[in-house]
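Just below is one structure, and these are the notes that go with it.
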Amino acid sequence: MTHVTKKIAIIGGGVASITAAYALTQQIDWQQRYEITIYQRGWRLGGKCASGRNREKANRIEEHGLHIWAGFYDNAFRLMRSCYDELVALKLRSPDAPLGTLDKALKPLNSFMLTEDVPDTSPQEWRPWFIEFPSNDKVPGTGGVLPQPFEYFKLVVEFLARQADSVEGKLLSESQTGGAGDVRVPLHRLLAYSRTMPNDARLHSRKDIDELLEILKGIRIWLDGIKPGEWINDDVARRVYFMLDLGTAFATGMVVDLVFLRGFNSIDNMECTAWLRKHGASEQAVNSAAFRGCYDYVFGYPAGIRDDRAVGAGTAMRGLLRLAFTYKKALFFKMQAGMGDTIFAPYYQVLKQKGVKFSFFHAVTNLALSTSCDAVERIDLVEQARVLSGSYDPLFDVRGLPCWPSEPDWAQLVDGEKLRESGIDFESEKTPEPTGVAKSLRRGIDFDDVILGASLASLPFMTKELARVSPRWRQMLEKVETVATCAVQFWLNKPTPETGWPALVRTYNQYSKFNPANMQTVMTAFAEPLDTWADMSHLLVRETWPDPAPQSIAYFCSPSRNAEVPMPSMQAQAAQWADEHLIRIWPDASNAEGRFDRNLLVSLEGQSEAARFANQYFRQNFYGSERYVLSVPGSVDYRLNPDESGFVNLAIAGDWTLCGLNAGCVEAATISGLAAARVITGSTEPIYGELDLVPSALPAPALLSSIAAPQANWPLTPAFLRGAMEGVFSFHSLPVERVRQMLPPGLVLSKQSLTPAKTHPVTFLFNQQTNVRASFLPRVLGFKSYLENIVAINCVEIEDGDGTIFSFLPALFLNNVLATYSGRLFYGLAKRLAKNAWDGSLYRTTSEDSQPIWQMRYFDHAPIGRLVDLGNISLVRALLDAPILTPRPFGTWQAMAFDFSVGSAFAAPVATHLDIYPTNGIGLPPGRFISPAFKEGEEENGLPGAFRCWTNWTLSNPFDSSRVKAVAAAQRSFDFNWTQ
């Protein structure tokens with residue numbers, strides 16, 4: 003079979019882009035199917051994970067920030083292990099080389115530290131809190147099945163019970179009767195009862211939930227009854243109290259907010275601290291190091307303002323639970339060289355050897371759309387520098403290890419010395435428009451499909467056209483936020499144990515078992531502006547220092563204020579911080595004046611205290627790809643799936659997409675990159691960790707979810723129909739007799755009181771359909787975009803049936819032949835070919851013989867927002883989610899379930915004027931029908947107002963009619979027959 007080679011342009015060289023490229027090359031015969039080119043600004047891969055070797059300063063490693071891999075990064079480990087295996091198989095590296103295998107490249111670390119600030123102390127006192135997790139025999143990257151939310155609940159309760167057992171007698175509460183109370187009994191009762199409940203939360207009874215809440219209420223009463231006492235100065239008791247407090251709030255919130263059933267995204271509109279407070283957490287607990295460190299871990303402070311915590315509760319809880327309970331082998335892993343050396347150099351070497359092309363010094367400036375605005379037609383870019391001959395070779399050798407330099411190899415570039423002297427920074431996005439020669443790539447010539455893997459903060463400039471035509475894209479850019487970060491690296495002439503740090507750790511962790519000489523510290527929740535420290539002394543063997551060489555390396559990082567905020571330089575901030583705070587945890591690193599002793603720092607360019615300090619490494623990441631993606635409350639609703647760009651030849655990849663974790667980390671970017679590659683290949687293979695809730699084997703009529711349609715309200719089947727739409731929903735009450743005459747024999751109108759007497763609700767949808775295809779097909783094999791205008795009669799039922807409510811569609815008018823006949827054949831839908839037109843705010847439909855059917859004009863009423871925030875969503879959901887019936891031969895009925903993803907749809911209220919003509923041909927009453935705009939507040943015996951809508955939809959498998967009927971019968975929850 004002959005394959006047509008598809009040209010794939012990948013924009014950006016960060017984790018998501020490189021993952022997508024690597025996943026594509028794992029396909030059988032990929033060279034015959036794809037021609038892949040990665041376009042990278044500047045001279046190196048990595049994005050905000052890039053690192054470089056400073057050739058002028060002992061080839062020292064210089065990072066954008068601190069990068070530690072978590073043990074739950076399963077997809078990242080799987081791909082990286084495969085890459086290292088290929089590195090050896092392709093004879094690009096010996097397994098005996100310094101980083102010849104993944105096990106040599108990433109070493110386990112099972113502990114970390116928090117720092118507790120002691121109030122009312124001068125100078126401020128900090129107490130290290132050593133936390134160790136047990137290692138296990140699991141292998142990172144081997145997949146498996148992740149716990150469901152209820153299983154996480156049980157794991158947390160088990161952990162809390164162990165913690166309570168560890169402080170027997172130290173935490174006593176006065177009960178309501180005045181006696182001493184012990185929390186161990188209710189905690190073990192909670193654990194025991196939860197273990198009797200089925201793992202599948204859909205099988206939990208009301209009694210189960212009430213019992214959990216009753217026990218949790220008792221635990222909270224006990225916690226609130228603890229009075230101030232000596233326990234607050236007992237390090238173990240105090241820390242356990244905070245964990246019990248936070249853990250009980252978490253457990254209560256999981257039960258009250260139905261997270262077992264709804265998943266973590268259902269609580270992501272609440273800020274995490276606010277969510278825990280809502281469920282009983284004390285101020286002491288939410289302000290403790292135990293919780294403050296969680297925010298430091300994810301830079302969770304918009305605009306770098308430390309008093310403004312902002313992480314969605316669902317994203318935070320999911321991430322913490324994955325970190326604590328799903329790691330394999332170790333909690334963390336430390337890279338044994340820079341991230342560029344450890345991760346991106348192997349990927350680059352393997353991909354280049356396999357035939358992937360790299361265009362360094364190519365900065366993309368614009369994605370230009372086709373005239374129909376549904377595809378990327380042109381990629382505008384700037385060639386920042388030209389190579390003297392051949393292609394740019396980005397790596398150089400440091401002690402047998404291929405590495406990226408911290409600046410370009412000027413000798414390979416045309417006018418390289420002149421460029422170097424000019425001080426040009428090829429990576430800087432301070433001014434988005436780069437300097438160089440403007441060029442354009444054209445669809446069908448230079449590329450066919452695009453994977454946009456650039457960082458989120460780079461997108462506003464390069465995707466202006468996308469934002470102009472796509473409200474969802476524009477909302478994504480506005481609502482998903484990023485934050486600036488900063489990094490500092492010190493090289494010291496004494497080993498870390500001689501700073502006084504190990505003795506301090508021992509003082510406040512007397513019951514912990516650790517060796518102070520090799521703690522491999524990773525610490526957070528410390529003083530700003532550098533709240534996180536990692537001892538990276540193990541990297542000294544990868545650098546080339548002359549004697550006397552450094553004895554230790556310290557990396558520090560933190561979120562930062564934006565560039566426009568007046569602040570001292572990072573060097574000046576770090577100097578003041580070291581004098582005031584660093585010496586509190588490194589007591590033996592102070593000088594006679596009580597300041598940080600700068601003579602401990604190693605410098606190759608001057609030995610004065612000022613020169614030593616100035617020659618350390620200071621960095622602030624303000625612009626574009628340098629910035630870190632946040633998970634602010636509610637932003638998950640605005641993230642787009644990698645296949646939801648809204649443009650037929652554009653997949654998106656990055657930790658800013660909807661990717662399961664929805665947070666800034668290597669694993670999130672990896673999942674997104676895999677999903678973007680899945681868009682290109684058409685694979686439906688699930689990705690480990692992309693969903694909270696996984697399908698089970700429960701029989702109908704339980705609601706199941708699909709991997710590719712996780713919010714769908716129909717039973718799980720291997721195949722279904724999916725697509726995206728932009729259109730207008732308009733709801734009207736029409737004369738009941740005219741509506742009744744439009745029904746086929748065997749269907750009757752249900753009793754309802756939504757509309758005035760002698761009328762019945764009818765829904766009209768005027769829309770453009772894109773990416774319509776079977777779930778198992780890639781987008782390129784789907785239908786071309788088309789216009790479809792639909793009329794639906796709501797609230798119908800089968801005559802002499804069980805009263806289950808359905809909708810019936812008397813007509814669907816399309817301008818796509820294949821979609822029309824497919825709908826007729828597989829679903830029995832009354833689809834008709836017609837001449838549809840959409841001109842601005844006006845939709846028109848005429849029949850094939852040019853008879854006018856209707857026209858609808860809408861009038862903008864309010865800005866775009868999430869549909870669920872705009873009005874009576876329960877009524878909208880009831881009208882739109884009702885299954886559809888179509889007549890089939892022999893008096894049977896076929897049922898199907900449309901899901902318009904109401905919960906994640908974007909919408910804008912509009913008023914509509916619908917003109918129905920006498921020649922409509924389906925029995926609709928002629929005349930003008932007006933719908934007001936969708937509004938807030940409950941509808942009073944009426945229908946929802948009209949709204950424009952942007953959403954993805956799914957339609958159940960046509961062969962699953964019986965289960966759709968069973969679900970509809972079992973899940974009746976909205977009463978259309980109500981009276982005022």
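Be aware that the sequence shown starts at 3, since it is given in our numbering, and climbs by one per residue.
C-beta: ideal position from N, C-alpha, C; glycine also.
Considering only TYR860, MET115 and PHE79, the residue with the shortest C-alpha distance to VAL524 is MET115.
Here PHE114 is bridged, per DSSP, to ILE133.
In this structure, MET858 is the residue among ALA291, MET858, GLN386 and GLU58 with its C-alpha nearest to the C-alpha of HIS734. Using a Cβ distance threshold of 9 angstroms, ARG55 and SER408 count as a contacting pair. If the five residues before and after PHE327 are omitted, its C-beta is found closer than 7 angstroms to the C-beta atoms of PRO149, TYR154 and LEU157, all from its own chain and listed in chain order. Looking only at ALA864, LYS356 and SER391, the smallest Cα-Cα distance to TYR36 is reached by LYS356. Closest in C-alpha terms to ALA880, from the list THR765, ALA305 and LEU89, comes THR765. Residues of the same chain with a CB within less than 8 angstroms of the CB of PRO136, apart from the 5 flanking positions on each side, are ASN112 in chain order. Around the beta carbon of VAL169, 16 or more other beta carbons sit within 10 angstroms, so the residue counts as buried. For PHE828, the enclosing alpha helix (DSSP H) starts and ends at 819-829. Inter-residue distance for GLY825 and CYS559 is about 56 angstroms (C-alpha atoms, whole angstroms). A direct Cα-to-Cα measurement between ASN623 and ALA486 gives close to 5 angstroms. The C-beta separation of ALA913 from HIS863 comes to about 6 angstroms, placing the pair in contact by the 8 angstroms criterion. In the DSSP assignment, PRO348 falls within the unbroken alpha helix (DSSP H) covering 347-356. The three-state secondary structure of VAL147, taken from DSSP, is coil.
With fewer than 16 other Cβ atoms from the protein chains shown falling within 10 Å of its own Cβ, ILE447 counts as exposed.
Per DSSP, TYR243 is one residue of the alpha helix (DSSP H) stretching across 237-258.
Counting along the chain, no beta strand (DSSP E) covers MET82; the unbroken alpha helix (DSSP H) around it starts and ends at 76-91. By the beta-carbon neighbour count (other beta carbons within 10 angstroms, threshold 16), ARG563 is buried. Annotated three-state conformation of ILE70 is coil, per DSSP.
As for any alpha helix (DSSP H) of minimum length 4 sitting wholly inside the segment 439-487, the runs are 461-464, 466-471 and 473-481, ordered along the chain. Contact annotation: ARG586 and PRO125 have beta-carbon atoms nearer than 9 angstroms. A buried status is given to LYS833, since no fewer than 16 other beta-carbon atoms sit within 10 Å of its beta-carbon.
The C-alpha of PHE449 lies about 10 angstroms from the C-alpha of THR7. Three or more Cβ pairs closer than 8 angstroms define a contact, and the segment 588-597 meets that threshold against the segment 494-507. Take the alpha-carbon of LEU745 and the one of TYR195: they are about 52 angstroms apart. Here the C-alpha atom of ILE20 lies approximately 18 angstroms from the C-alpha atom of ALA665. Within the segment 543-578, the complete beta strand (DSSP E) runs of at least 3 residues fall at 554-562. If you draw a 10 Å sphere on the C-beta of ILE807, you find 16 or more other C-beta atoms in it, and that means buried. For HIS190, the secondary structure class from DSSP, reduced to helix, strand or coil, is helix. Cβ neighbours of GLU607 within its own chain (closer than 6 angstroms, five residues either side excluded): ASN617. Buried is the label assigned to ASN511, since at least 16 other Cβ atoms lie within 10 Å of its Cβ.
Distance from the CA of LEU652 to the CA of ARG380, rounded to the nearest whole angstrom, comes to 12 angstroms. Between the alpha carbons of SER755 and THR367 lies a distance of about 56 angstroms. Residue environment for LEU783: exposed (fewer than 16 other C-beta atoms within 10 angstroms of its C-beta). Inter-residue distance for VAL352 and ARG621 is about 30 angstroms (C-alpha atoms, whole angstroms).
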